[in-house]
Amino acid sequence: MSGSSPAPDDEARTPGARLVSALTGSGQTVACAESLTAGLVAATIADTPGASVVLLGGVVAYAAEVKTLLLDVPDELIARVGTVDPAVAVAMAEGVRRRLGATWGLSTTGVAGPGPSEGKPAGTVHVAVAGPRGTVTRPLQLKGTRAQIRSATVEAVLRLAVGRVGATTQTPAPPSQARGTVGLSGHPGGGSASDRTTPAT
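For the sequence shown, full-length UniProt numbering gives the first residue as 1, with consecutive numbering after it.
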């Protein structure tokens, strides 16, 4: 046998490692807004060596008032739809992207269980990724324990982010009017047919 082993297939790496690689290669950054995952998304990204180059920080917004105060989620929206809703996921992702001045904002909101919340069963989750070309949301219906639902949510939002970053052909500037870092925190996503896209404003 001669020669060195081939480089590992990109698909064999974790979504967190793939996201860090994609962001590093394009000079882009990411910030996380997390409810049910409570910092696990940011922590998973930070598990990859070199993550400090791309990960700006995160906001753990478990309570509704924190979503409003730190992520600019409208009070009236939460009063109308609750906190487990695609529109709330969008507002969280866009809010953390703007607040931290990141190229990309990731968000998670949902019911980890074991019981229902806000009239929605455990495993009802919404994730979102906000970027230069708009915001994409994905609804998830997950099964398993509380830990399994949270872990699956992390993987889903990271896979969605990898796809969105990979689809970006330009290296855009981060959003303007960033207001500084306001609080720090630290599997599988389905098909794209259920994704919803909100254009960038």
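Backbone N, C-alpha and C define an ideal beta-carbon position, used for all residues, glycine too.
Check                                                                                                                                              : Outcome
Count the CB pairs spanning the region 101-111 and the region 124-131 that are closer than 8 Å, and state whether there are at least three.        : yes
Below 8 Å on the Cβ atoms is my guess for alanine 167 versus arginine 97; work out the distance and round it to an integer in Å.                   : Actually they are not in contact, since the Cβ atoms of alanine 167 and arginine 97 sit about 17 Å apart, beyond 8 Å.
So does the region 56-76 actually touch the region 86-93, counting three or more Cβ pairs closer than 8 Å?                                         : yes
Can you tell me whether glutamine 148 is helix, strand or coil according to DSSP?                                                                  : helix
With a threshold of 8 Å, are at least 3 pairs of Cβ atoms found where one atom belongs to the region 41-54 and the other to the region 76-89?      : no
By Cβ distance below 7 Å, which residues in the same chain neighbour glycine 16 in space, the five residues on each side in sequence not counted?  : Thr44, Ile45, Asp47, Thr48 and Leu158
So, under 8 Å CB-CB, valine 162 and leucine 19 are touching, yes? Tell me the CB distance rounded to an integer number of Å.                       : 5 Å
Under 8 Å by Cβ, that's how I've got serine 35 and threonine 109 pegged, so tell me the actual separation to the nearest angstrom.                 : 4 Å
Please state the DSSP three-state secondary structure of leucine 40.                                                                               : helix
Quick check on this structure: which residue in Asp195, Thr197, Glu155 and Arg196 has the alpha carbon closest to the alpha carbon of arginine 13? : Glu155
What whole-angstrom Cβ distance do aspartate 85 and arginine 138 have, given they're in contact under 8 Å?                                         : Not really, about 13 Å apart at Cβ, beyond 8 Å.
If you compare alpha carbons, which of Gln141, Arg164 and Gly95 is closest to glycine 58?                                                          : Gly95
Pull up the DSSP beta-bridge partners for glycine 134, would you.                                                                                  : Gly131
I need the DSSP call for glycine 105, collapsed to helix, strand or coil.                                                                          : strand
Considering only the beta carbon of each residue, do leucine 23 and valine 66 sit closer than 7 Å?                                                 : no
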